[in-house]
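Peer 1: Basically the working numbering = 1-based index in the sequence shown + 843. Quick one: the structure is below, questions incoming.
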Amino acid sequence: MIRVAVNGYGTIGKRVADAVLKQPDMRLVGITKMTPNFESIEAMRRGIKIYTSKENMSLFRSKGVEIHGEVEELFRDADVIVDATPNGVGAKYKQLYQSLGKKAVFQGGEKADVAQVSFSALCNFNEALGKDTARVVSCNTTGILRVICTSMHIGEIEKVRGTIVRRAADLKEVKKGPINSIVADPASVPSHHAVDVKTVLKGLDIVTAAVVAPTNLMHLHTLFVTMKEPPSKDKLMEEFANTSRIVLIRDISSTAELFEAARDYGRPRADMPEVMVFADSISVNSKEITFMYAVHQESIVVPENIDAIRALNGVNSSMEITNQTLGILKGVFP
Ligand code: NAD
């Protein structure tokens, strides 16, 4: 059993914790929480052990939240710590993880040099095997890498150009915007997403431009992939249809309907960890392929976190069991 601790029980942390609970070869030893809010109550209801800082303990207990110990005690009990703290906070914990001799999975909000390898299960699983640290790339980068590494099965890629329409906030966030604007983010090219892709696919010629839109449901990307030889649209459709973690969408053209479809399907929290490719958008013009897809920012990195835990522990096959336990789809959705 791989003993896993989750540090930071927010949007990503709580989903990773739930996913760990579903793995037959992992045990969730506990999570950390810094505020005794509704998420703490929910973790307690799920039977998850909560750890906090020494100073916070009496506050949690005064709110009726059971505390099992201090953060460091939790880390000592784990083989791997999944760090899902806010951007930049993970880097501050890195030394503690190291001094305790623990392996750690970081998130995409950290700089690439926080870990020995930036990780995308479909692209470079083996590079993380047996390492001490891995960084699961951001939600947007995870989406881009899944479709690029799948496109590579039909031929060699010459270059990738893309636009990213980013969601402004997650559903629970009340202090982020914009609410009345589309913001170039940044108003320069490339956006950091292309740079992040290259932390995994080092030699790839890729340029991205990004904007933030007033929505909280999903991101939407359009990619223009130029192949070295004219590609077959049918082959690409076949690759997308046969790859778990990618689904083809028909008769839906908005993230709002996709979110509703996930709710109808009965997904917990309406999560859709699959990249959702709009089937009708896939087109081929000479050597260039164009397609559009949606990325559910809150859940897309969850399967990759589970794979990264196994990879760090030297388990060399993970994706199939992750897909099975999390009910990850392939083919046409819904
Ligand atoms: P979040 O704010 O929802 O959750 C972070 C949690 O960490 C919160 O519960 C917060 O209370 C807790 N925390 C804050 N300081 C802490 C500390 N010092 N020690 C322990 N816990 C602490 O953030 P999130 O959206 O889950 O993001 C976490 C990481 O995942 C970031 O690197 C982010 O870039 C990345 N990420 C986020 C998304 C997304 O869309 N939300 C998608 C992919 C990757």
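Positions of the beta carbon are idealized from the N, C-alpha and C atoms, including for glycine. Since this is a predicted model, take the numbers as computed values, not measurements.
Quick one: is the Cβ of V1144 within less than 7 Å of any heavy atom of the ligand NAD?
Peer 2: Your numbering for residue 1144 matches position 301 in the sequence shown. Result yes, Cβ under 7 Å from the ligand NAD.
Peer 1: I need the DSSP call for S901, collapsed to helix, strand or coil.
Peer 2: Translated into positions along the sequence shown, residue 901 becomes position 58. S901 falls in the helix class under three-state DSSP.
Peer 1: With a 10 Å radius around its C-beta and 16 neighbouring C-beta atoms as the bar for buried, classify D1107 as buried or exposed.
Peer 2: Here residue 1107 refers to the residue found at position 264 when the sequence shown is read from its first residue. The residue is exposed, with fewer than 16 neighbouring Cβ atoms inside 10 Å.
Peer 1: At a threshold of 7 Å, does N850 count as lining the ligand NAD (C-beta to nearest heavy atom)?
Peer 2: The sequence position of residue 850 within the sequence shown is 7, counting from 1. Indeed, a heavy atom of the ligand NAD lies less than 7 Å from the Cβ.
Peer 1: With respect to 7 Å, is the separation between the Cβ of K861 and the closest non-hydrogen atom of the ligand NAD below this value?
Peer 2: In the sequence shown, counting from the first residue as 1, residue 861 sits at position 18. Note that residue 861 is Asp in the sequence shown, not Lys. Every heavy atom of the ligand NAD is 7 Å or more from the Cβ of D861, so no.
Peer 1: I believe I891 touches A860 by the beta-carbon criterion, under 8 Å. Please report the beta-carbon distance rounded to the nearest angstrom.
Peer 2: Within the sequence shown, the letter at position 48 stands for residue 891. Within the sequence shown, the letter at position 17 stands for residue 860. Confirmed, about 6 Å.
Peer 1: Let's test the definition: count the other Cβ atoms within 10 Å of the Cβ of H1036 and tell me whether it reaches 16, buried, or not, exposed.
Peer 2: Against the sequence shown, residue 1036 aligns to sequence position 193. Residue environment analysis places H1036 among the buried positions, since at least 16 neighbouring C-beta atoms fall within 10 angstroms of its C-beta.
Peer 1: Give me whichever residues DSSP pairs with R1009 in a beta bridge.
Peer 2: In the sequence shown, counting from the first residue as 1, residue 1009 sits at position 166. R1009 is bridged to V1055.
Peer 1: Classify A927 as helix, strand or coil using the three-state DSSP reduction.
Peer 2: Taking the first residue of the sequence shown as position 1, residue 927 is located at position 84. Correct three-state label for A927: coil.
Peer 1: Could you check what DSSP says for N880 in three-state terms: helix, strand or coil?
Peer 2: Working through the sequence shown from its first residue, we reach residue 880 at position 37. Residue state, collapsed to three classes: coil.
Peer 1: Return the Cβ separation of A1122 and R1093 in integer angstroms, given the expectation that the two are a contact with Cβ distance under 8 Å.
Peer 2: Start at 1 with the first residue of the sequence shown, and residue 1122 comes out as number 279. Start at 1 with the first residue of the sequence shown, and residue 1093 comes out as number 250. 5 Å between Cβ atoms; contact.
Peer 1: Taking only the alpha-carbon atoms, compute the straight-line gap between N930 and V1054 and give it to the nearest angstrom.
Peer 2: Position 87 of the sequence shown, counted from the first residue, corresponds to residue 930. Position 211 of the sequence shown, counted from the first residue, corresponds to residue 1054. Rounded to the nearest angstrom, the two C-alpha atoms are 20 Å apart.
Peer 1: Specify the secondary structure class of M1119 as computed by DSSP and reduced to three states.
Peer 2: Residue 1119 sits at position 276 when you count from the first residue of the sequence shown. Strand, per DSSP.
Peer 1: Is G1020 helix, strand or coil when you go by DSSP?
Peer 2: Taking the first residue of the sequence shown as position 1, residue 1020 is located at position 177. Here G1020 sits in coil by DSSP.
Peer 1: Unbroken alpha helix (DSSP H) runs of length 4 or more, entirely within the region 1029 to 1094: which are they?
Peer 2: 1035 to 1040 and 1076 to 1085
Peer 1: Tell me whether E970, by its Cβ, gets closer than 7 Å to a heavy atom of the ligand GDP.
Peer 2: The model on display carries the ligand NAD but not the ligand GDP.
Peer 1: From S932 to A955, what distance separates their C-alpha atoms?
Peer 2: Residue numbering aside, residue 932 sits at position 89 when the sequence shown is read from its first letter. Residue numbering aside, residue 955 sits at position 112 when the sequence shown is read from its first letter. The sequence given here has Val at residue 932, not Ser. Cα to Cα, the separation comes out at about 14 Å.
Peer 1: Apply the 10 Å Cβ neighbour rule to N1166 and answer buried if 16 or more other Cβ atoms are within range, or exposed otherwise.
Peer 2: Counted from its first residue, the sequence shown places residue 1166 at position 323. By the neighbour-count rule (16 or more Cβ atoms within 10 Å), N1166 is buried.
Peer 1: Taking the beta carbon of H996 as the centre, do at least 16 other beta carbons fall within 10 Å, making it buried, or is it exposed?
Peer 2: Mapped onto the sequence shown, residue 996 falls at position 153. So H996 counts as exposed.
Peer 1: Excluding the 5 residues flanking N1159 on each side, which residues of the same chain have their C-beta closer than 7 Å to its C-beta?
Peer 2: Here residue 1159 refers to the residue found at position 316 when the sequence shown is read from its first residue. Once the five neighbours on either side are set aside, the close Cβ partners of N1159 are L972.
Peer 1: Tell me where the alpha helix (DSSP H) around G933 begins and ends.
Peer 2: One-based indexing of the sequence shown puts residue 933 at position 90. First-last of the alpha helix (DSSP H) with G933: V932 to S942.
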